[in-house]
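Numbering (this note's numbering), first residue to last: 1077 to 1168.
Right under this line is the structure:
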């Protein structure tokens, strides 16, 4: 299931980038001012704490199975129109 979710996310990201660049092929003038930026930041807590929702646990978490990340993809068309897509690994 985890691999499937990752594949869906990658597919969506590639689709968005494809649409942006395909639009510049249709209207080459759009490519002049188009700017795209991407960032990825690890948001895994440094301090190990108690796990919420696990009433039977009598000790804090024992480690990290996988890091948590926040990713952003920003678009600017050069005329003041800006959009940002943000993805966050939040486990609640």
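Backbone N, C-alpha and C define an ideal beta-carbon position, used for all residues, glycine too.
Which residues bound the beta strand (DSSP E) around residue i?
| i | result |
| --- | --- |
| residue 1152 | 1145-1152 |
| residue 1159 | 1158-1164 |
| residue 1113 | 1111-1118 |
Within 10 angstroms of the Cβ of residue i, are there 16 or more other Cβ atoms? Answer buried if so, exposed if not.
| i | result |
| --- | --- |
| residue 1095 | exposed |
| residue 1131 | exposed |
contact_flag[the segment 1131-1138, the segment 1154-1167] where n(CB pairs < 8 Å) is 3 or more: no
**Asked** If we count Cβ pairs, one from each stretch, closer than 8 Å, do we get three or more for the segment 1118-1128 versus the segment 1080-1088?
**Response** no
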